[in-house]
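Sequential numbering from 1 applies to the sequence shown in the UniProt record's numbering.
Don't be surprised by glycine CBs; every beta carbon is placed ideally from N, CA and C.
Everything below concerns the one structure shown next.
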Amino acid sequence: QLMVKYADLLVCDSKNIEKYIQNDYKQYQPKTTYIAYGTDTSPSILKSEDLKIRSWYQEKGLSENGYYLVVGRFVPENNYETMIREFIKSKSKKDFVLITNVEQNKFYDQLLQETGFDKDPRVKFVGTV
Numbered sequence: 001q002l003m004v005k006y007a008d009l010l011v012c013d014s015k016n017i018e019k020y021i022q023n024d025y026k027q028y029q030p031k032t033t034y035i036a037y038g039t040d041t042s043p044s045i046l047k048s049e050d051l052k053i054r055s056w057y058q059e060k061g062l063s064e065n066g067y068y069l070v071v072g073r074f075v076p077e078n079n080y081e082t083m084i085r086e087f088i089k090s091k092s093k094k095d096f097v098l099i100t101n102v103e104q105n106k107f108y109d110q111l112l113q114e115t116g117f118d119k120d121p122r123v124k125f126v127g128t129v
């Protein structure tokens with residue numbers, strides 16, 4: 001509450017968070033701005049046959065075009081439980097690859113308990129790149 005009250009500007013990475021701050025703290029007239037996550041969309045200089053890429057696929061037990069990819073922060077609000085649970089129900093032959101800052105922590109342990117993802121070899125947490 002004090003942060004919102006005294007901040008010159010609050011930078012939000014979600015329009016919903018920005019809306020929440022504007023509504024729930026309107027008595028402080030918070031100044032907010034939204035900055036979306038982004039990525040470099042320029043073509044990669046690496047080719048699919050480059051050793052660096054082939055080695056990464058091999059190290060992670062993946063095949064080119066043989067997976068669905070999720071990239072994001074490892075936090076509950078990113079709905080990992082729903083994604084993993086629904087993928088496990090699928091009959092897909094592809095892997096479900098999660099590129100995230102996963103460390104074995106309370107959320108990881110909870111997710112493991114709730115979904116049993118360790119019993120499905122298609123679910124692969126591969127760390128960050």
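- In the structure shown, F117 adopts helical secondary structure according to DSSP, grouped into three states.
- Residue environment: D95 is assigned as buried (16 or more neighbouring CB atoms within 10 Å of its CB, all protein chains considered).
- The criterion of a C-beta distance shorter than 8 Å is not satisfied by Y25 and V11.
- In this model, M83 and V123 are separated by some 11 Å (Cα to Cα).
- Pairing Q1 with A7, the inter-Cα distance amounts to about 10 Å.
- Within the region 25 to 80, the complete beta strand (DSSP E) segments at least 3 residues long are 32 to 34, 67 to 71, listed from N- to C-terminus.
- Taking T32 as reference, the option from T41, G38, P43, E18 with the minimal CA-CA separation is E18.
- Bounds of the beta strand (DSSP E) holding V97 are 95 to 99.
- Of all alpha-carbon atoms in V97, V129, F107, the one lying nearest the alpha-carbon of D120 is that of V97.
- The beta-carbon separation of F117 and T100, rounded to 13 Å, does not stay under the 8 Å limit for a contact.
- The criterion of a C-beta distance shorter than 8 Å is not satisfied by D13 and I45.
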